[in-house]
């Protein structure tokens with residue numbers, strides 16, 4: 114596939130304003146589950162990490178590095194991207210069905226990136242007051258091509274346009290994803306009774322969801338994860354989703370959209386994993402780092418450090 118030159122990243126770019134907003138994280142758990150459903154990726158996570166003992170460690174370690182490849186300047190971002198690629202060179206093996214896998218297989222590596230791309234588009238669709246128009250969708254997708262180039266990976270599997278991206282993404286959801294052991298454990302940890310999961314400790318005001326968020330047992334968490342998920346994935350894997358769930362999710366999304374002013378004042382800043390670069394509240398150009406606690410993150414955003 115021959116790609117265009119991509120679009121410039123930086124202040125005011127759609128990728129910055131999307132990835133730099135905490136609402137972009139709301140569809141992230143769904144994207145993570147779809148990563149685990151991709152056979153080669155799910156096997157690599159299961160066999161080369163402590164996923165079953167500490168499933169959230171991968172998230173809190175990965176997001177700051179990945180987001181840095183978006184917000185760093187071009188030279189630094191490429192250095193970071195190549196470093197991330199290097200972390201995956203020894204992640205290979207044979208999965209439980211006897212299939213060989215390697216994390217640097219271009220299709221496997223692209224799928225991980227593709228789910229982040231999907232995450233941003235899905236978040237804009239569900240949680241922003243005004244949806245992207247056709248031109249903005251193409252612009253944002255072009256910016257994700259620039260982002261992907263920073264990893265130095267083969268561009269062979271990368272769709273050239275947003276329309277082709279949607280077609281390929283939907284095809285993978287329909288034909289390739291499967292209920293890998295890692296995905297099954299997240300969706301129903303009773304499938305792996307030998308695991309000793311640590312309870313998730315959400316930061317700041319989100320801590321009220323601690324008891325429900327360790328797995329997908331809490332209704333708000335389940336609604337957010339299953340509601341964000343493509344219909345075809347819910348149907349293929351018989352994930353519980355009723356008409357009442359759909360109505361509740363619509364109302365949940367409406368609540369988030371209506372909370373725009375509060376979000377602009379930092380109401381969701383506690384969602385950022387420590388060390389994650391993001392935009393300061395009410396700014397499309399000032400990049401700040403999430404601190405180690407919700408209070409530190411709030412203070413960093415205020416001070417611009």
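In this note's numbering, the protein residues as written are 114 to 418. All C-beta atoms in this analysis are idealised placements derived from N, C-alpha and C, irrespective of residue type, glycine included.
- Check whether residue 221 and residue 149 have beta carbons under 9 Å apart: no
- For the putative contact between residue 225 and residue 137, defined by C-beta atoms under 8 Å, what is the C-beta separation to the nearest angstrom? About 16 Å separates the two Cβ atoms, so there is no contact after all.
- Message: Tell me which residues share the same chain as residue 227 and place their Cβ nearer than 7 Å to its Cβ, disregarding the 5 neighbours each side in the sequence.
- Response: 282
- Message: Just to confirm my understanding: we take residue 336, look at its own chain, exclude 5 residues before and 5 after, and list those with CB closer than 8 Å. What are they?
- Response: 358, 361, 362 and 365
- Item | Reference residue 249; option with closest CA among 275, 271, 239 and 232 | 275
- Message: Judging by CA-CA distance, which residue of 209, 268, 399 and 372 is the nearest neighbour of residue 156?
- Response: 209
- Query: Using 8 Å as the threshold, is the stretch 260-275 in touch with the stretch 180-189, meaning 3 or more CB pairs across them?
  - Reply: yes
- Task: Report the option in 386, 394 and 388 whose CA atom is closest to the CA atom of residue 380.
- Result: 394
- Local Cβ density within 10 Å of residue 277, reported as buried at 16 or more and exposed below that: exposed
- Can you list, in chain order, the residues of its chain whose CB lies under 7 Å from that of residue 161, leaving out five sequence neighbours each side? 204
- Task: Just confirm the distance between the C-beta atoms of residue 389 and residue 176, as a whole number of angstroms; I'd bet it's less than 8 Å.
- Result: 5 Å
- Figure out for me which residue from 121, 119, 125 and 120 has the closest Cα to the Cα of residue 397. 125
- Query: Secondary structure at residue 215, three-state DSSP: helix, strand or coil?
  - Reply: strand
- Among the residues of its own chain, which have a CB less than 7 Å from the CB of residue 202, if the five just before and after it don't count? 217
- Classification of residue 140 by the beta-carbon crowding that lies within 10 angstroms, buried from 16 upward: buried
- Item | Integer-rounded CB distance, given that residue 386 should sit under 8 Å from residue 457 | Residue 457 is absent from the model: the chain starts at 114 and stops at 418.
- For the alpha helix (DSSP H) that residue 127 lies in, which residues bound it at each end? 127-132
- Query: In the stretch 217-256, which residue ranges form an unbroken alpha helix (DSSP H) of at least 4 residues, counting only runs that do not cross its ends?
  - Reply: 219-240
- Item | Simplified DSSP state of residue 205, which is helix, strand or coil | strand
- Cβ of residue 339 within 9 Å of Cβ of residue 353? yes
- Compute the Euclidean distance between the alpha carbons of residue 369 and residue 230, then round it to the nearest angstrom. 21 Å
- Rounded to a whole number of angstroms, what is the C-alpha to C-alpha distance between residue 355 and residue 191? 44 Å
- Under the three-state DSSP convention, the category residue 135 falls into: helix
- Message: Can you look up residue 390 in the DSSP assignment and give me helix, strand or coil?
- Response: strand
- Message: Helix, strand or coil for residue 271? Go by DSSP, reduced to three states.
- Response: coil
- Query: Can you tell which of 240, 242 and 350 has the C-alpha that lies nearest to the C-alpha of residue 289?
  - Reply: 350
- Message: With H, G and I counted as helix, E and B as strand and the rest as coil, what does DSSP make of residue 336?
- Response: helix
- Query: If you run the structure through DSSP and keep just helix, strand and coil, what is residue 290?
  - Reply: coil
- Nearest-angstrom beta carbon gap, residue 265 and residue 194 [assumed within contact, 8 Å]: 6 Å
- Residue span of the beta strand (DSSP E) that contains residue 402, given as start and end: 400-402
- Item | Residues of its chain near residue 123, where Cβ-Cβ distance is below 7 Å and the 5 sequence neighbours each way are ignored | 129
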